[in-house]
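Visitor: If you scroll down you'll find the structure; I have some questions about it.
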Amino acid sequence: MNLIMENIEVFYRVALFIQAAIVIPFAIMLVLLNRIVWKYSAFWDILWIAFASNRLVHLLSGGSYLVTPTGFISSVMITLQGFALAGLATVYLRRRLLLNKLFLLSPFFTMLPLLALGVFSQSQILTGLGIALLGLYGGVLSVVMMLSETVSRTLKIAVAVVIMILAGQTLSLVVIPEGSSLLPLRYVGNTIFVIVAVFLFFSLRVREELVSRQMYQTMANEILENVSDIVFRVSTDGRVLYYSKSFKEIMGNKEHLSPGQQGEADEMNDSLKLETLVGRIISDKDVEEETCRVHLSQVDRWYEFRIRKNDYGHKTVFDFMGRDIQADIEKEKQLQKEREKASELDEARVTFLSNLSHELKTPLTIIMGYSETLREDLPPSRQQMVDAILESAKYQLRLVNDLLDLTRLGSKMLDVEIESVDIEQIINETVEQFRPLAERKHLLLMASTGELPERFNTDPVKLVRVLNNVMGNALKFTEQGKISVMVRRESEDVLLFRVEDTGIGIRKEDLGRIFERFVRISRAGSSRGTGLGLSLAKELVSLLGGRIWIESEEGSGTIVYFTIRDLKEAA
Ligand code: ADP
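Residue 428 in this note's numbering sits at position 447 of the sequence shown, with consecutive numbering throughout.
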């Protein structure tokens, strides 16, 4: 004892050195672990950094709290420890209270003034009181943690140990003040406390980590053991690193799959099939992700394997996940059957309608042919009657064709037959067909063309159908004035058609729906129609690569625009 008292300075230094040498590296390690692995609250880091820094300050200052300026620095470090303990208490309380913030910051206006004042006035009582407050914050934290259900038992014990140490240190300061002959005891006690605390905390935390990892691993294993999916991981040399129960059932105890097995898929047994699949994947350098289907004959079911390349440590591995897709396959087959049946029915419907329309068209052609011949030998008064017969027959022919086309469009069976045509000729011929009707209604019928390409690639039959429908409407809904048809080049390979009339027009509210099938506007009820014309025109125009739109004003007339695109690419 005498020896110690004689060399008391050296003794203090050694004790402080041991404390610093233990606390500082451990604090650094704990902070790093927390940042990288545990990811707990940063208040833990503040606690350890402040604790370790204080040890360093003590080592440099010789251990007294009353020496300036190290005493002030120590005051800040001790306050920071109080702040960290208060912070942890608010974190584990998990409830946001206004008081939380006040509690969190309270060390700065309780501990710090007491400690600083203690140093300033060289009062051990004030310093002791300031440090004693650490016990209070530690106490609150331990109560919060003990009550919290989310904190593990090990962490609770670890925290209790740290708090005990802080309290022990505080107590020793009060019981053995500076200048006392028992001071060496305080240093010895302190050093033992610090060493025990740090080791306990560290080992408990690491143990907790290991236990939770092991639990996680066991859980993952249990889940994977029980899934019916075939899950396994192989290294690039074919070694099986992990497998599920279902894999084992097929492969037995095989732990190494050798690539290069070949054979006809039908003749292979299941294990050979999987081996062949693994062999193909691991020998292909470019595989990152792949899906493939394998039929396993043992259970007579199809499996879909999702295969992924992964990094495992420094190694490359392949993960295979095989899902039973038998139900999907059966559903797919069923759907395919239904689709085939539907398409057969659809075909039968179209064939029936084609035959029917052919039967309807044959007599119409005869009526039209004979009427035209008859007309020539008749006096003008009778000719008008024949004209009426002819017109009705033409109208009916158009309807039959519209109906047939719409049916084919619905079944996607309407082919586009592209030819290189002279647009001007098509326009003139179509307009001329309507001339007799226009003359009878005393309407002016005009056709004009802007700049046009010499030849244009389109389906002429469909183009004429669109023109017929649009012009037919213009003539049908116009009683006086004129109808003018115009076509010009809109851009490099697009033509714009414009059919304008001075007829009854269309109300704004009806404009939106006239392209729908079977829609007829009631005002037009007096005239004939089915409501198919414009919807068919719209579909045909879109087949010809264009679009159709209408501008109209009730009472003053209608303009129908449509475009078509040169289809030379498709030709
Ligand atoms: P339909 O002419 O057989 O009735 P459409 O589909 O060709 O059928 O036309 C739908 C409706 O659009 C017509 O009933 C008519 O009310 C209106 N419509 C079409 N074109 C014109 C037009 N040029 N002038 C006035 N109304 C028109």
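Glycine included, C-beta positions come from ideal geometry on N, C-alpha and C.
Quick one: grab the DSSP three-state call for H339.
Guide: In the structure shown, H339 sits in a helix (DSSP, three-state: H, G or I).
Visitor: Short check: CB of D251 to CB of L277, under 7 Å?
Guide: Cβ distance < 7 Å, so D251 and L277 count as in contact.
Visitor: With distance defined between alpha-carbon atoms, name the residue in I173, E285 and L164 nearest to C273.
Guide: When each option's Cα is compared against that of C273, the closest is E285.
Visitor: Within 10 Å of its beta-carbon, does I487 have 16 or more other beta-carbons around it, so buried, or fewer, so exposed?
Guide: Buried, by the Cβ-count rule.
Visitor: Are L98 and L110 close, meaning C-beta to C-beta below 7 Å?
Guide: Not in contact: L98 and L110 (Cβ atoms no closer than 7 Å).
Visitor: Once DSSP output is grouped into helix, strand and coil, what is the label at T232?
Guide: In the sequence as displayed, the identity of residue 232 is Met instead of Thr. Note: M232 maps to helix in three-state DSSP.
Visitor: Given that a residue counts as buried once 16 or more other Cβ atoms are within 10 Å of its Cβ, and exposed if not, what is L74?
Guide: By the 10 Å Cβ count, L74 comes out buried.
Visitor: Please indicate yes or no: does the CB of N454 lie closer than 6 Å to some heavy atom of the ligand ADP?
Guide: Yes, the Cβ of N454 comes within 6 Å of a heavy atom of the ligand ADP.
Visitor: Does DSSP classify I529 as helix, strand or coil?
Guide: Residue state, collapsed to three classes: strand.
Visitor: Is G514 near the ligand ADP, in the sense that its beta carbon is under 6 Å from a heavy atom of that ligand?
Guide: Yes, the ligand ADP has a heavy atom inside 6 Å of this Cβ.
Visitor: Cβ atoms of A455 and V475: under 7 Å apart, would you say?
Guide: Cβ distance not < 7 Å, so V475 and A455 don't count as in contact.
Visitor: In three-state DSSP terms, what is K290?
Guide: It is a strand residue.
Visitor: Taking the beta strand (DSSP E) that Y73 belongs to, which residues open and close that run?
Guide: Not the beta strand (DSSP E): Y73 falls in the alpha helix (DSSP H), residues T51 to L74.
Visitor: Can A67 and Y118 be called in contact, C-beta distance under 7 Å?
Guide: Cβ distance < 7 Å, so A67 and Y118 count as in contact.
Visitor: Would you list, in sequence order, the uninterrupted beta strand (DSSP E) runs of no fewer than 3 residues that lie entirely inside the segment 143 to 220?
Guide: Qualifying beta strand (DSSP E) stretches, in chain order: 211 to 216.
Visitor: I'd like the span of the alpha helix (DSSP H) that includes Y(-7), first residue to last.
Guide: Per DSSP, Y(-7) belongs to the alpha helix (DSSP H) from I(-11) to L14.
Visitor: Can you tell me whether DSSP reads H423 as helix, strand or coil?
Guide: In the structure shown, H423 sits in coil (DSSP, three-state: anything other than H, G, I, E or B).
Visitor: Bridge partners of G303, per DSSP?
Guide: In the DSSP output, where bridge partners are listed per residue, G303 has I211 and F286.
Visitor: Beta-carbon separation of T411 and V445 under 7 Å?
Guide: Yes; because the gap between Cβ atoms is below 7 Å, this pair is in contact.
Visitor: With a threshold of 6 Å, establish whether the CB of G462 neighbours any heavy atom of the ligand MN.
Guide: Absence of the ligand MN is noted for the structure shown, with the ligand ADP being the only ligands found.
Visitor: Quick check on P434: buried or exposed, where buried means 16 or more other Cβ atoms within 10 Å of its Cβ?
Guide: Classification of P434: exposed, given that the 10 Å Cβ count is below 16.
Visitor: Expressed to the nearest angstrom, what Euclidean distance is found between the alpha-carbon atoms of T51 and H39?
Guide: T51 and H39: Cα-Cα distance of roughly 8 Å.
Visitor: In three-state DSSP terms, what is H295?
Guide: In this structure, H295 counts as coil in the three-state DSSP scheme.
Visitor: Would you decide whether Q0 is buried or exposed? Buried here means 16 or more other CB atoms lie within 10 Å of its CB.
Guide: Under this definition Q0 is a buried residue.
Visitor: What residues in its chain sit with their C-beta under 7 Å from that of T49, if we drop five residues either side in the sequence?
Guide: The answer, listed in chain order, is V100.
Visitor: Can you give me the Cβ contacts of A(-4) inside the same chain, cut-off strictly under 6 Å, excluding the 5 residues immediately before and after it?
Guide: If we look at A(-4) and ignore the five residues flanking it on each side, its Cβ neighbours are Y168 and T172.
Visitor: Taking the CB atoms as reference points, tell me whether T354 and E471 lie closer together than 7 Å.
Guide: No. Outside cutoff.
Visitor: Using the Cα positions of Y(-7) and G43, report the straight-line distance between them to the nearest angstrom.
Guide: If you take the alpha carbons of Y(-7) and G43, they lie about 7 Å apart.
Visitor: With DSSP as the reference, please indicate the residues paired to R470 in a beta bridge.
Guide: BP columns for R470 point to L476.
Visitor: Are the segment 257 to 272 and the segment 188 to 205 touching by the rule of at least three beta carbon pairs closer than 8 Å?
Guide: These segments do not touch.
Visitor: Look at the alpha carbon of M127 and the alpha carbon of E313, and state the distance between them as a whole number of angstroms.
Guide: Distance between the alpha carbons of M127 and E313: 58 Å.
Visitor: Which stretch, first to last residue, makes up the beta strand (DSSP E) that contains Y542?
Guide: Taken as a continuous stretch (DSSP letters only), the beta strand (DSSP E) holding Y542 covers G538 to R546.
Visitor: Within 10 angstroms of its Cβ, does I112 collect 16 or more other Cβ (buried), or is it exposed?
Guide: With 16 or more Cβ atoms within 10 Å of its Cβ, I112 is classed as buried.
Visitor: Among L418, F53 and W25, which residue has its Cα nearest to the Cα of Q365?
Guide: Closest option to Q365, Cα to Cα, is L418.
Visitor: Can you look up S516 in the DSSP assignment and give me helix, strand or coil?
Guide: Residue state, collapsed to three classes: helix.
Visitor: If we ignore side chains and look at the alpha-carbon of each, how far apart do L337 and Y351 end up?
Guide: If I take the Cα positions, the gap works out to 22 Å.
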